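Only one structure is covered here, and it is reproduced in the block below.
In the working numbering, the protein residues as written are 524 to 679.
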């Protein structure tokens, strides 16, 4: 997989984000309601990446800086968003590769911890994060009171 930085609103990114939102509808009955501004994923305060296999975007993920801006966040946090692997590309280690690249780029940008929110209807994601050294943390964001939500973090 070739990983490239792109704008959050790049056409390939938009396609994968739309697919992710539809998967969220299937699992939870609605799209992810977390507010997202594409500008948050521009350097130096963020980054959005796409993974390409045979010239086709099959993986996405980004991070945006969070500096104690709300409950559950600490200065130096990077929040992981829109991590997604196309269904026909799953099971090949692409998610683990994308996650490692997101962690690396966040650390290089001076972020101290990476945090994320996911849900219990995404056991594959929870398994990936747990096996990559993430531990459950205080809930944050729009889902902090949602019993289906889980938040994880990892020091960088």
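We put the beta carbon where it would ideally sit given N, CA and C, even for glycine.
All figures in this text were calculated on a predicted structure; none of them were measured in a lab.
- Residues 596, 600, 602 of the same chain have their beta carbon placed closer than 6 angstroms to that of residue 589, with the five preceding and five following residues left out of the count.
- In this structure, residue 649 sits away from residue 679, with a CB-CB distance that is not shorter than 8 angstroms.
- When beta bridges are read from the DSSP output, residue 567 appears opposite no residue.
- With a cutoff of 8 angstroms on beta-carbon distance, residue 632 and residue 534 are scored as not near each other.
- By the 16-neighbour rule on beta-carbons within 10 angstroms, residue 647 is exposed.
- With contacts defined as CB atoms closer than 8 angstroms, residue 574 and residue 617 qualify as a contacting pair.
- Within a 10 Å sphere around the beta-carbon of residue 668 sit fewer than 16 other beta-carbons, which makes this residue exposed.
- If you compare the alpha carbons of 557, 641, 627, 553 with that of residue 665, the shortest gap goes to 557.
- The beta carbon of residue 671 sits closer than 8 angstroms to the beta carbons of 551, 642, 643, 644 from its chain, once the five residues preceding and following it are set aside; these are given in chain order.
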